[in-house]
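Chains as they are written, first to last, in my numbering: chain H, 368 to 708; chain Y, 368 to 708; chain C, 368 to 708; chain D, 368 to 708.
Every residue gets a Cβ at the ideal spot worked out from N, C-alpha and C, and that includes glycine.
Here the structure comes first, spelled out in structure tokens, and everything after it is commentary.
4 protein chains.
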Amino acid sequence: MAKMRVWVSDEPGHENLKIVERDIPTPGPGQVLLKMKAGSLNYRDSVVVKGQYAAPTVRPIVPLSDGCGEVAEVGEGVSRVKVGDRVAPLFFQDWLSGPRRAEHVLTALGGGVDGCLAEYMCLNERGVSRVPAHLTDQEVATLPCAGLTAWNALNCTGRVKAGDLVVVQGTGGVSMFALQFARMAGARVAATSSSDEKLEQAKALGATHLVNYRTTPKWGAQVQKLTDGAGADIVVEVGGVGTMLESLKAIRIGGFIGVIGVLTGGSGGEMPTTYIMGKSAHVQGISVGSRDWFEDMCDAVEAARMKPVIGASFGFDQAREAFAAMHAQTVVGKIVIDYSR
Amino acid sequence: MAKMRVWVSDEPGHENLKIVERDIPTPGPGQVLLKMKAGSLNYRDSVVVKGQYAAPTVRPIVPLSDGCGEVAEVGEGVSRVKVGDRVAPLFFQDWLSGPRRAEHVLTALGGGVDGCLAEYMCLNERGVSRVPAHLTDQEVATLPCAGLTAWNALNCTGRVKAGDLVVVQGTGGVSMFALQFARMAGARVAATSSSDEKLEQAKALGATHLVNYRTTPKWGAQVQKLTDGAGADIVVEVGGVGTMLESLKAIRIGGFIGVIGVLTGGSGGEMPTTYIMGKSAHVQGISVGSRDWFEDMCDAVEAARMKPVIGASFGFDQAREAFAAMHAQTVVGKIVIDYSR
Amino acid sequence: MAKMRVWVSDEPGHENLKIVERDIPTPGPGQVLLKMKAGSLNYRDSVVVKGQYAAPTVRPIVPLSDGCGEVAEVGEGVSRVKVGDRVAPLFFQDWLSGPRRAEHVLTALGGGVDGCLAEYMCLNERGVSRVPAHLTDQEVATLPCAGLTAWNALNCTGRVKAGDLVVVQGTGGVSMFALQFARMAGARVAATSSSDEKLEQAKALGATHLVNYRTTPKWGAQVQKLTDGAGADIVVEVGGVGTMLESLKAIRIGGFIGVIGVLTGGSGGEMPTTYIMGKSAHVQGISVGSRDWFEDMCDAVEAARMKPVIGASFGFDQAREAFAAMHAQTVVGKIVIDYSR
Amino acid sequence: MAKMRVWVSDEPGHENLKIVERDIPTPGPGQVLLKMKAGSLNYRDSVVVKGQYAAPTVRPIVPLSDGCGEVAEVGEGVSRVKVGDRVAPLFFQDWLSGPRRAEHVLTALGGGVDGCLAEYMCLNERGVSRVPAHLTDQEVATLPCAGLTAWNALNCTGRVKAGDLVVVQGTGGVSMFALQFARMAGARVAATSSSDEKLEQAKALGATHLVNYRTTPKWGAQVQKLTDGAGADIVVEVGGVGTMLESLKAIRIGGFIGVIGVLTGGSGGEMPTTYIMGKSAHVQGISVGSRDWFEDMCDAVEAARMKPVIGASFGFDQAREAFAAMHAQTVVGKIVIDYSR
């Protein structure tokens, strides 16, 4: 039986990641076997590998929710894809349409079930999607978690429209997608960062307003000033405890805050109930998205011939180095893994 | 020139409220003069009288956002009402339709402008609404703030539907309206209180599930249990810092929390960002509502021949006692003032 | 191998329906075998049996989209239900959540695939739903098509709220469900019929306004009059060509017309574009619904302990008579089949 | 008292339009006097001038809903604008926010009240809006009716998002705005026309798919083909009776048709109820929009530095010629009137 190489996390810590050999699975009825071409890392993957993930997680686990593969073999009755198709696995294998449900978390790749850091994956045909033709494999691999999360925040749970002002925080993967998707929708974008150099990169991607939160810690007031007191329509909130209060100050009456990340901590801090009331703020948790939304996003990426921002690329054998780069938080955009290297 | 008696708050504290005499105003073009019949108290009125209200407030101020009056005289060009009509003034005089805007707060009765605790009021005809015919004057007076806030949370910002489970906290005015409006919409209602006696009153109004949060402080988990782990669809959150975490635990994935009140404090506490994300919770500030929504509410109250819950009634001269009763927080439902006594 | 009796339609016409004997199927992985207890008829079933159904239809076909069964056996890996559970098959076996998609029609029971008029059915476990405990088997059998269609029109595509005025046309199955669901949501209901006797039955179910369209053919204007010129919020339109113009006249500016049926014809007539514009009317086609919505409906039916209206009941051997009764259009509410008789 | 020149329509027909002299009005409390700089024509204006307008219309009437003016004088208490501000009058003077209401039609410019074809206008300050700074006066004058109608169809009643396919019919004013707004939102656009030359102009504005409906009368099927059978997300329907059936064929399941115009007739034709059902189509009448939406549109136009398409320009004295050009239907984009000529 043919073998494949697979990264597994057994003990907490990315330095303990190791490559093991496993049998290449055979697709059963309704299943597809994917030869994986590329993967990408998200903050959540590093939390899983650290052993600190709150949601149900199998152990040992193959990490990574995100990848791009080619259909190598199909099981009986498969009709949605055929051998040779390039596809992306869905983050939530069972979230196909409609609102999120509790049980979806049980089929989250690289958490509830094994993920993409393997030479082959066997999935139900429902759990993969067609992808934009103009993207490289590594670019496709950035879409399932970071891309779809930003898409959901702006176009599904939030409702961005032309002329809106969108705030994106920092220059990580989700924020760069949010910047690009907001511009694609005709919105203006205020980007925040602690680094003027990174702000220039955001400007090159279309950011219309730049805010250095190191020199302007009260950046919420600064956003108000930039908009003559009107405030932002949408904040894509990735900071958590340390940024929420400024986000609430930044938005307009009735503005939307998509709560995506907890880079500065997920609990503690002070609960700004009074601001939520005073602003009639709409604060909502965002959790990746459904296959329907993924397909909509792919249509939009294709129509605009948009290219995701890749900040660093590693080979399959360099997974530990890729996680180390994620921890360092110095990369603008996505960290990817090229399985052909 | 004819005179009227008016309560004014000049120095903080309800014990410093005093009656003064003023000229009865003459309605200008587009204005109406109301002979006031009744008023009702809200938590916000007591904060205003204490001098602790965060929003712009004139001083000295005539308190009370809520009342019921009869059109005594109309100015030139008035077409929406006629002499003899019974009406209620709108909480936000300028919020007629559509989403809330920043400037509406400047015309909030008993805050931005003088309120209802007066024998006569002069308002723009746009700022009053027809009211349900089957209600007494005192019952009408409960609708503009507490009634509309509950209506907005359930039917405008939230979207209650038959079969939903709605959580209402305690037995104050907004919560009792929320209970009744939820039942009117075919929803089930879990009521929380620290008192079994008050819970029985909630049950009599239609509550289907009762939770004593003194004996069951982890009432969020209790709501989950009552729904076989599904969770509540909507929480009408009036508690603030002290209840938000349990509210987040109580809701289903994708559930809605209407943030209305801060009875336990408006800041401090711990910000539960992780819960907002984990639940894909929709948390939104609620701030009374528009004239369109008020009219919709009146249609619903009339169709169901619903009667607001009045817990205590005082005469016009007993305004100080009415405020004292509000502070004591022992009344189930609304505290009203009958101007004919 | 054990045998079951199955009604099939091979030649057009209900008089050509015949009973055949087939093997009782064995559930494969993920499948469940249902012992059917009851079925119910919809207008669409009679169109299918007449051979006039526009959507893809297998031939010979086992008719009926709607039924109620008990899980008799489960295949490998089934986790959503267990032997002994009472369930209803979904109209669209593959429409589980989110918006309707083109491919759902291929798995519509009694159309794209065999339906419920059989002693046993074998379905994927995803394609059945739990049902309200307080209903009889025959009552459950009325829910999948007529019940869910009315629910969708009022609560999903339309957005009924307390105080609305809803118009229901005639006293067929969908209209009676719409009447009951509208009342459950706190709405008022204007019922139309050509028979005063049937209108009295509608009144007994809660209709607040009665319109005899034989004596008042311009019933749209009549609805306007009943609402002091405001118009209806929602029309549940089952008539098609012959009623659409009156429906447009009946609604308020911005009102909703859920287009469900074509009892008076599906084409021909005059297209009232000018009315759609003048009223800013929202006209939308309704096509049963998803499993998520079915479950929401069951929650609501259970919370209200609502009972569907059954107008006539036949035994399993009387399927031809049941279809004849459907053609006669004299029955108020649903026509059901009791498989125990 | 100073005089102004004003075009009035007394007898039906644009050849009977005549210039009269009137007193320049003095703004009362809350009013502003505008010195008009430019106007633009819409199909509706020509129907009014023909005397065939269905909605309430004063006679003699000053035509034109659309214009651009400068604040020349303000009445007592005016706070939203100041002398020297450039503004556009709102189509519906009283539709400021929220959904459309029946009474708005009474304050429609150039219909319910006198319109813009005058050297000066006196309006309530509520009825004018700030406008994008980068536009010429004539460009501003194209926004109030045609611009806002297209904006409403795509961004308010419809909900365009990046990646959608939008169909625009012909190359009139609304259609060209719809093309530009759809592109601004990241959507693809299929433009139809009877002229290849006009289609090339649409292509130059960003149309991604071109359909000549003279050579391809079944253009609905053609749109399906262009999208691999998926169908269009949105049709901006300006044709009425003669195009609706193809529009229904063109859309996807659940697609949106914004019903705006009746260029081919407003009644007659065949009502395609079956298609509305089969497609779960969302068909909705569009009627210009509110001030809130106008301001949102201006933000978007400004953010994108978008320029309306002007096809022909006339001097103030050439109003009759401008109407004749409108009747000829040969102009791509808007017909404007420059009051400085």
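Straight across, the Cα-Cα distance linking M644(H) with L515(Y) is about 15 Å. C665(H) has a beta carbon lying within less than 9 Å of a beta carbon in chain D. The stretch 685-705 of chain C and the stretch 371-379 of chain D do not touch, with fewer than 3 CB-CB distances between them shorter than 8 Å.
Ranked by Cα distance from L612(D), the options W586(D), G573(D) and K674(D) are led by W586(D).
Per the DSSP secondary-structure output, D705(Y) pairs in a beta bridge with A405(Y) and G682(Y). Counted as a single uninterrupted DSSP element, the stretch harbouring W462(D) is not any alpha helix (DSSP H), since DSSP gives it neither H nor E. Annotation for Q651(C): the continuous beta strand (DSSP E) segment containing it runs H649 to G652. Contact annotation: D531(H) and R555(H) have beta-carbon atoms nearer than 9 Å. If you draw a straight line from the Cα of T610(C) to the Cα of S446(C), it comes to about 46 Å. For G434(C), no chain D residue has a Cβ inside 7 Å of its Cβ, as the nearest lies near 23 Å away.
Scanning the stretch 380-442 of chain D from its first residue to its last, the whole alpha helix (DSSP H) runs of 4-plus residues come out as 410-417. Close partners of G530(H) in chain C (Cβ separation under 8 Å) are lacking, with about 23 Å as the shortest Cβ gap.
Per the DSSP secondary-structure output, I624(Y) pairs in a beta bridge with V602(Y) and V650(Y). Here L401(Y) is not near L476(Y), since their CB atoms are 9 Å or more apart. Unbroken alpha helix (DSSP H) stretches of 4 residues or longer found wholly inside the stretch 516-555 of chain Y: 540-551, given in chain order.
For D659(Y), the residues of chain D that pass the 8 Å Cβ criterion are G465 and P466, in the order they occur in the chain. Contact annotation: A439(C) and V448(C) have beta-carbon atoms that are not nearer than 9 Å. The stretch 555-567 of chain C and the stretch 493-505 of chain C do not touch, with fewer than three beta-carbon pairs separated by less than 8 Å. What N519(C) touches in chain Y, judged by beta-carbon distance under 7 Å, is nothing: the nearest beta carbon there is about 12 Å away.
Bridge pairing for L490(Y): V399(Y) [DSSP].
Per the coordinates, the alpha-carbon of R389(C) lies some 13 Å from the alpha-carbon of D481(C). Assignment of R447(C) by DSSP, reduced to helix, strand and coil, places it in the coil class. Counting C-beta atoms within 10 angstroms of its own C-beta, V387(Y) has fewer than 16 neighbours from the protein chains shown and is therefore classed as exposed. One Cα belongs to I618(Y), the other to L431(H), and the distance between them is close to 30 Å.
Interface annotation for the stretch 543-562 of chain H against chain D: F548, M551, A552, G553, A554 and R555, criterion Cβ-Cβ distance under 8 Å.
T424(H) has a beta carbon lying at 9 Å or more from every beta carbon in chain Y. Between the C-alpha atoms of F681(Y) and L572(Y) there is a straight-line separation of about 23 Å. The Cβ neighbour count for R672(Y), taken over all protein chains shown within 10 Å, is under 16; the residue is labelled exposed. Each of K616(H), I653(H) and T640(H) was checked against the Cα of I627(H), and the nearest Cα belongs to I653(H).
For M673(D), the three-state secondary structure derived from DSSP is coil.
Here T641(Y) is not near A557(H), since their CB atoms are 9 Å or more apart. V605(D) has its alpha-carbon roughly 31 Å from the corresponding atom of T524(H). Neighbourhood of A671(D) in chain H, by CB distance below 9 Å: A529, G530 and G553, in chain order.
With a cutoff of 9 Å on beta-carbon distance, W462(C) and G656(C) are scored as near each other. Annotated three-state conformation of R468(D) is coil, per DSSP. Residue state for R687(Y) is assigned as helix, using DSSP reduced to three classes.
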